[in-house]
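Heads up: the sequence shown begins at 995 in our numbering, then just goes up one per residue.
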Amino acid sequence: MDSIFADFEEKILPGMTHWQHPRFFAYFPANAAPVSVVAEYLVSAMAAQCMLWQTSPSATELETRTVDWMRQALGLPQGFSGVIQDSASSATLAAVLTMRERALDWQGNSQGLAGQPRLRVYSSDQVHTSIDRAIWISGIGQENLVRISGQGRFRGMDTAELEAAIIADRAAGMLPAGIIGSVGGTSIGGTDNIADIAGVARRHGLYLHVDAAWAGSAMICPEYRHYWAGVEQADSIVFNPHKWLGAQFDCSIQFLRQPEDLVRTLAIKPEFLKTHGRDGVINYSEWSVPLGRRFRALKLWFLLRAHGLENLRAMIRAHVSWSEGLATRLAGEPDFEIVSQPMLSLFSFRHRPAADQDHDEHNLLLVNAINDDGRIYLTQTRVDGRVAIRFQVGQFETTSADTDTAFSVITEIARQIG
Ligand code: PLP
């Protein structure tokens, strides 16, 4: 073990990107609160398979309990239940499979898609690529993911265009199956008007899945819930406690208004999985694509009990205010432009190059120079086809001094290369 550990320190650690560093401002956070890591040690040591109630009674019961705690913490109404999936990608896949089966009157799993009408699913162009992949894997096909143009500050779907597309598709013999809404998209925090698109979904009998993988954590603060107003009308909602909230990866909650639809899509019971005489208990493997499941609820239980919602709210509020503060400071600097205003703690900016330089090349050069410098870590995106630099505050250990450092590093390096 001594030599394995020595090699770990010498060969592995220096080659890692440090997601738990307080000056990690890239992507979205993948926080691992130490208390959730302790829970993971216990889970790893027990190494239980939490597929059936009988294979993991406490884990199953705790999953039901912690998911309900989170439902209350996020202000979702009673009646929503849920499951802990490994990732938002899996939750979205489960939701897309459900919307497919519901639209096909539960015939897709048995008969396949050949000979069926073309299924259609609708989203903005701000959704995460996990939506595209769920569409591929479910056999619906990329061409049937209909992109509705975005409007307003957060590029939410134009509801009139959404409704017109559904009507036209149906008239053309296609089969609209569902709508996927975004709250806090990865690029610039793209957010749909969930109340409006829920109205469209209801009028046309479509399944509505909402991806709030990152922004969902902030909904523990009542003052941010306007971002997803109307969410109680969704059929399925995913949010990742393994991002901002601090539950060590992986931990993604999928809330469901009517879990029977998901279970009807995914449940399969060969004899060896039957638990005779135990009808009525929850077997969470019937709610997810994988059969084998880790005990993910324990870290959520440890996290919520050790930190408490008020402390987690204070952290999120501080992150949002530091991000807004940095956006304001950068906007006041010559040659900096805010490309997308803060959505919670995420905004994007650009630096203006000298007159003869290409904007995109210059900003790519800038983000690479900042990352090569090594004091902070950022990533880029494209907004309306042009490069912008993303900035988000979300790491557990970040302080306002770290965002001050970010301001100095960004402006100093921009001056050097500009
Ligand atoms: N949705 C959004 C908005 C995301 O930002 C991400 C990842 O960053 C995902 C989905 C995918 O999350 P996961 O890695 O849990 O599949």
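For each residue, glycine too, the CB sits at the ideal point set by N, CA and C.
Since the model is a prediction, treat every value here as computed from it, not as a measurement.
When the options are compared against residue i, the one with the closest alpha-carbon
i, options, result
"T1185", "A1165, I1142, L1358", "I1142"
"L1169", "R1094, V1314, N1187", "R1094"
"G1274", "P1336, A1026, Q1048", "Q1048"
"N1097", "G1199, I1078, P1216", "A small fix is needed here, since residue 1097 is Ala in this sequence, not Asn. Out of G1199, I1078, P1216, G1199 has the C-alpha closest to the C-alpha of A1097."
"A1325", "H1301, T1405, F1390, A1171", "T1405"
"R1112", "I1134, A1128, Q1105, Q1101", "I1134"
"L1239", "L1056, T1058, G1286, N1305", "N1305"
"W1063", "D1367, S1402, L1294, D1378", "L1294"
"R1380", "S1334, N1362, D1350, D1152", "S1334"
"T1399", "T1375, W1100, G1319, P1328", "G1319"
"A1082", "Q1066, A1228, G1109, H1122", "H1122"
"N1138", "H1345, D1163, F1148", "D1163"
"V1061", "D1378, G1286, Q1248, E1327", "Q1248"
"L1068", "G1009, I998, A1363, R1307", "R1307"
"S1230", "L1007, L1091, D996, F1002", "L1091"
"S1104", "A1408, I1262, D1329", "I1262"
"A1408", "I998, V1387, H1353", "H1353"
"Y1218", "R1287, L1260, G1167, S1315", "S1315"
"T1011", "D1001, A1024, F999", "A1024"
"E1057", "E1331, E1003, R1287", "R1287"
"G1102", "T1259, L1007, F1148", "T1259"
Beta-carbon spacing of residue i, residue j below 9 Å
i, j, result
"N1234", "G1210", "yes"
"L1202", "A1189", "no"
"V1077", "V1115", "no"
"L1292", "A1053", "yes"
"I1370", "F1019", "yes"
"A1321", "P1336", "yes"
"D1205", "V1232", "yes"
"L1285", "A1089", "no"
"R1344", "A1382", "yes"
"L1340", "G1183", "yes"
"D1367", "S1246", "no"
Closer than 8 Å: residue i CB and nearest the ligand PLP heavy atom
i, result
"L1240", "The amino acid occupying residue 1240 in the given sequence is Gly; Leu does not appear at that position. Outside the cutoff, so no."
"F1385", "no"
"K1237", "yes"
"A1261", "no"
"F1074", "no"
"Y1021", "yes"
"W1208", "yes"
"N1234", "yes"
"A1128", "no"
"H1122", "yes"
"G1178", "yes"
"T1086", "yes"
"S1246", "yes"
"A1082", "yes"
"D1396", "no"
"D1152", "no"
"D1001", "no"
"D1205", "yes"
8 Å contact criterion, which residue i and residue j should meet: CB distance rounded
i, j, result
"P1016", "Q1389", "5 Å"
"I1131", "T1086", "Wrong, their Cβ atoms sit about 10 Å apart, outside the cutoff."
"F1296", "S1342", "With a Cβ gap of about 35 Å, F1296 and S1342 do not count as contacting."
"L1419", "F1074", "With the chain covering 995 to 1412 only, the question about residue 1419 has no answer from this structure."
"S1050", "A1042", "5 Å"
"N1357", "M1045", "47 Å between Cβ atoms; not a contact."
"Q1227", "R1196", "7 Å"
"T1375", "S1181", "4 Å"
Minimum Cβ-Cβ distance from residue i to chain B less than 9 Å
i, result
"P1284", "Looking for chain B here will not work: only one protein chain is present."
>> As an exercise, report each continuous beta strand (DSSP E) stretch of at least 3 residues that is fully enclosed by the segment 1060-1104, in chain order.
In response: 1075-1079
>> Ignoring anything shorter than 3 residues, give me the beta strand (DSSP E) runs that lie fully in the segment 1303-1366, in order along the chain.
In response: 1330-1337, 1340-1345
> Going along the chain, which unbroken runs of the beta strand (DSSP E) with 3 or more residues stay wholly within the segment 1126-1191?
Replying inline: 1139-1141, 1169-1176
> What beta strand (DSSP E) runs, 3 residues minimum, are completely inside the segment 1241-1298?
Replying inline: 1246-1250
>> So within the segment 995-1054, which uninterrupted alpha helix (DSSP H) runs reach at least 4 residues, ignoring any that extend past its ends?
In response: 996-1001, 1028-1040
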